[in-house]
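All residue numbers for the sequence shown refer to our numbering, where the first residue is 51 and numbers rise by one. Idealized CB from N, CA, C, for every residue including glycine. Just so we're clear, the structure is a prediction, and the values are computed from it rather than from any experiment.
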Amino acid sequence: MQQVIYNLVENAVKFVNEGGKISFAFEKNSDRICSFAIRNSGEGLKNEEIQRVFDRFYKTDESRGKDKTGLGLGLSISRKIVHLHHGHIVVKSVYGEYTEFSVQIPFDASKEK
Ligand SMILES: Nc1ncnc2c1ncn2[C@@H]1O[C@H](COP(=O)(O)OP(=O)(O)O)[C@@H](O)[C@H]1O
Ligand SMILES: [Mg+2]
Numbered sequence: 051m052q053q054v055i056y057n058l059v060e061n062a063v064k065f066v067n068e069g070g071k072i073s074f075a076f077e078k079n080s081d082r083i084c085s086f087a088i089r090n091s092g093e094g095l096k097n098e099e100i101q102r103v104f105d106r107f108y109k110t111d112e113s114r115g116k117d118k119t120g121l122g123l124g125l126s127i128s129r130k131i132v133h134l135h136h137g138h139i140v141v142k143s144v145y146g147e148y149t150e151f152s153v154q155i156p157f158d159a160s161k162e163k
């Protein structure tokens with residue numbers, strides 16, 4: 051999970067607009083699910099990009115100008131890790147405003163004690 055959070059925060063830092071805002075929310079929804087979300091203001095994603103951001107090696111045209119080193123693997127690996135934990139990861143974005151990734155992970159609270 052540390053790798054997932056690292057990937058999402060790294061993306062938020064890479065793709066936030068100048069003078070923009072990054073926010074992080076963590077919530078223990080119940081005894082069985084914990085969730086967190088990372089949001090950054092900025093260009094946001096178009097609908098067709100939203101469908102593809104988790105694909106291996108996918109990068110939006112916009113991102114190629116901002117970040118020349120990333121290979122487009124972080125989100126695909128992050129989704130794999132989340133699924134191995136039986137969780138969900140979703141992206142929500144308003145074009146021209148923000149992008150937010152949220153993760154939900156189920157856990158068994160009885161095993162915590
Ligand atoms: N927070 C974000 N804001 C805008 N676009 C994003 C964001 N996170 C990911 N993307 C888009 O999804 C693509 C894939 O992300 P990722 O798999 O982490 O690859 P990388 O970081 O190597 O480019 C990015 O290149 C970018 O186009
Ligand atoms: Mg990345």
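Nearest to residue i (by Cα), restricted to the options the options
| i | options | result |
| --- | --- | --- |
| phenylalanine 74 | Cys84, Phe104 and Arg89 | Arg89 |
| glutamine 52 | Lys78, Gly92 and Ile131 | Ile131 |
| lysine 121 | Arg129, Lys109 and Ser128 | Here residue 121 is leucine; the residue named in the question, lysine, does not match the sequence. The option with the nearest alpha carbon to leucine 121 is Lys109. |
| lysine 142 | Ser91, Gly124, Lys161 and Ser160 | Ser91 |
| leucine 123 | Val103, Ile72, Tyr145 and Gly137 | Val103 |
| phenylalanine 76 | Ser160, Lys161, Phe151 and Asp158 | Phe151 |
| isoleucine 55 | Leu125, Ile100 and Asp81 | Leu125 |
| serine 160 | Ile83, Asp117 and Glu60 | Ile83 |
| histidine 135 | Asp158, Arg106, Lys71 and Glu60 | Asp158 |
| glutamate 60 | Glu147, His133 and Thr119 | Thr119 |
| lysine 71 | Ile155, Pro156 and Tyr148 | Tyr148 |
Inter-residue CB distance, residue i and residue j (contact presumed, cutoff 8 Å)
| i | j | result |
| --- | --- | --- |
| valine 140 | phenylalanine 86 | Not quite, the Cβ-Cβ distance comes to about 12 Å (not below 8 Å), so this is no contact. |
| asparagine 57 | serine 128 | 5 Å |
| glycine 94 | tyrosine 145 | 4 Å |
Limits of the unbroken beta strand (DSSP E) element including residue i
| i | result |
| --- | --- |
| lysine 78 | 72 to 78 |
| glutamate 150 | 148 to 156 |
| valine 103 | Unbroken run through valine 103: none, as it is neither H nor E. |
| lysine 142 | 138 to 144 |
| serine 85 | 83 to 91 |
Boundaries of the alpha helix (DSSP H) in which residue i is found, first to last residue
| i | result |
| --- | --- |
| lysine 64 | 52 to 65 |
| histidine 133 | 124 to 134 |
| serine 113 | 111 to 116 |
| glutamate 99 | 97 to 100 |
Q | Segment contact flag, the segment 110 to 123 with the segment 60 to 80, C-beta cutoff 8 Å, min 3 pairs | A | yes
Q) Counting by C-beta, which residues lie closer than 6 Å to a heavy atom of ligand 2, in chain order? A) Residues flagged by the Cβ proximity filter: Asn57, Glu60, Asn61, Gly120 and Gly124.
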